[in-house]
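These notes are about the structure you will find just below.
Below, the structure written as structure tokens:
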């Protein structure tokens, strides 16, 4: 196995009992944290350079530091486990194989922000993961790691696993909070930000699963250990999810700054007899890259400088058998379906993008339609109420930029020039 990999969160995934307390081990990092001053815990996370692993990359310790102290209000921690974006598949297997890393991270984080109540908001369709989270939380309660007087420290913490109803919009932190309160999941106007008025109008930290699960290793091994990996501004390690036309798809935990070329070497390369055509660095809401970007360091700054976003490090790999127009249409159908309808640019814009792309994919469009879809995307980008609309425009702009000729080819020949069967696994047989 290559020394490039840094298995921390994935270190015990090969154990049959990895999801149990016996497989995970005692909560040593939580015990250590509860013996520290809460502000010292926040400072350690700041010093580590940990940035949000849910896509935006906001410094985690800084977010914790925004919580006002001595305000007389209850504080809350909410873990965003509503992983729903096409291509994004790191949090679900993490919770499935290593839920106790998340629970221990929740204890440390809640203590640091002076919260006595925490929630894991998990998407409702993943029933197997929900059951595993419930089992892990139950084990932690039975051991005295949750509840009253945690580790004899005098600190109390209640943890609730809450199932959502399967809406992608609830991955947006304020829509998640509305859903958690029992309302329809729609984004709130900011400010006020959740750190000031979040869940039940009280100070709230909303963090991604992987962000919170990374905290125990930082406290246990020290901030310098974590900061020693990655790049200058994108420190630490992360789970890179390779899917699509790769020989060995899966989760590869490596330092930020690794390249797709290195990851593909570890994954056995593109499926035999084919070559890479395009890929997403961070899921379907990030602008696509091509084979010319294989050596771009996968960190927040380098990917941003090349016109995309690191996002959730969901690397969807597509070879030359894949039709770009068909792919972008499928993504756009997803965004049109998941738009909550609160704002006009996203509600109407994603609908019309879908209609025009359907026509283009059938070869019934004209070159003017390319101007139309980029114009619609321009009117969504920066004008929608939340980032869902912005994400829907990413594949539009980037695909027209890199594959304009392929769009033109569709209506030149009056249909799609690709056989969709050839892009499938069974199509090769």
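Residue numbers (the working numbering): 1 to 429.
Where a beta carbon is used, it is the ideal one built from N, C-alpha and C, also for glycine.
DSSP places residue 209 inside the alpha helix (DSSP H), whose first and last residues are 209-213. For residue 138 and residue 30, the gap between their C-alpha atoms comes out near 17 Å.
Apart from sequence neighbours up to five positions away, the residues of its chain that approach residue 105 with a beta-carbon distance below 6 Å are 212, 213, 215, 216, ordered along the chain.
In the structure shown, the three-state DSSP call for residue 397 is helix. In this structure residue 338 touches residue 168 by the C-beta definition: roughly 4 Å separates them, less than 8 Å.
Check the Cα spacing between residue 228 and each of 242, 210, 247, 254: the tightest is with 254. In chain order, 396, 397, 400 place their CB closer than 8 Å to the CB of residue 374, counting only its own chain and leaving out the 5 sequence neighbours on each side.
Using a Cβ distance threshold of 8 Å, residue 163 and residue 170 do not count as a contacting pair. According to the DSSP assignment, residue 316 belongs to no alpha helix (DSSP H) but to the beta strand (DSSP E) extending over 314-319.
DSSP places residue 364 outside both helix and strand once states are collapsed to three, so it counts as coil. When beta bridges are read from the DSSP output, residue 280 appears opposite 316.
The alpha-carbon separation between residue 117 and residue 199 amounts to approximately 11 Å.
Here DSSP, grouped into helix, strand and coil, assigns residue 162 to strand. Within the same chain, and ignoring the five residues on either side of residue 294 in sequence, the residues whose Cβ sits closer than 8 Å to its Cβ are 259, 260, 261, 264, 276.
DSSP places residue 328 in the uninterrupted alpha helix (DSSP H) bounded by 324-338. Between the C-alpha atoms of residue 124 and residue 413 there is a straight-line separation of about 44 Å. Contact between residue 34 and residue 153 holds: CB atoms are separated by about 4 Å, below the 8 Å threshold. Closest by C-alpha distance to residue 46, out of 62, 92, 268, 18, is 62. In the structure shown, residue 83 adopts coil according to DSSP, grouped into three states.
Around the Cβ of residue 91, a 10 Å sphere holds 16 or more other Cβ atoms; the residue is buried. For the region 50-129, the continuous beta strand (DSSP E) assignments of 3+ residues that do not extend past its boundaries occur at 76-81, 117-122, in sequence order. Each of 318, 248, 287, 196 was checked against the Cα of residue 274, and the nearest Cα belongs to 318.
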